[in-house]
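In the working numbering, the protein residues as written are 107 to 247.
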Amino acid sequence: MPTHALSATALLFATALSTVLSTVLPVAHAQNLIGEIGQPVETGTSGAWARALATDDGWYMGVGTNGDFHIGALTQTGSSLNDWSFDRTAWVRGTDHGGLKDHAIRRCPDGTWLHVASTANNDPNDSAYSWRLSSDFQILA
Numbered sequence: 107m108p109t110h111a112l113s114a115t116a117l118l119f120a121t122a123l124s125t126v127l128s129t130v131l132p133v134a135h136a137q138n139l140i141g142e143i144g145q146p147v148e149t150g151t152s153g154a155w156a157r158a159l160a161t162d163d164g165w166y167m168g169v170g171t172n173g174d175f176h177i178g179a180l181t182q183t184g185s186s187l188n189d190w191s192f193d194r195t196a197w198v199r200g201t202d203h204g205g206l207k208d209h210a211i212r213r214c215p216d217g218t219w220l221h222v223a224s225t226a227n228n229d230p231n232d233s234a235y236s237w238r239l240s241s242d243f244q245i246l247a
């Protein structure tokens, strides 16, 4: 059987199955995903790469600036979306390399963090570095 005939048969079957399932299965209704959109919040990062990080102890912000990645607490000062402050004087340095241009950070199941960054993001053969950070963002490895 030609490949295109098999593909057409598979597509027809998938369409029929989807139609049948949609008529017999209950419809799922989700609640609103976005609760509120407020005015922009000034973070004081001067346009640097920034990411909000949720932890068991509250919110933190990671900022890629001056060739490294720095992490500090976000403090809620009121009840609106605009009532947050970021103290740059109390941040910790989450990398020890310098010259970093691009960052990714993810929380691991054990509560530690994996941070990956590159120094040459314009080249196909990019140079990448990684750090494992403790739950309080101290460099472990």
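C-beta atoms are modelled at their ideal positions from N, C-alpha and C, and glycine is treated no differently.
Practice problem: With a 10 Å radius around its C-beta and 16 neighbouring C-beta atoms as the bar for buried, classify T201 as buried or exposed. | Solution: The residue in question, T201, is buried, as its Cβ has 16 or more Cβ neighbours within 10 Å.
Quiz item: What number of angstroms, rounded off, separates the C-alpha of D163 from the C-alpha of W190?
Solution: 15 Å
Quiz item: So which of S224, W155, T218 and A234 has the shortest CA-CA distance to Q244?
Solution: Residue T218 is the option with its Cα nearest to Q244.
Quiz prompt | Straight-line Cα distance separating S224 from D193 | solution = One C-alpha to the other measures close to 26 Å.
Self-check item: Residue range of the beta strand (DSSP E) that includes Q182
Solution: D174 to Q182
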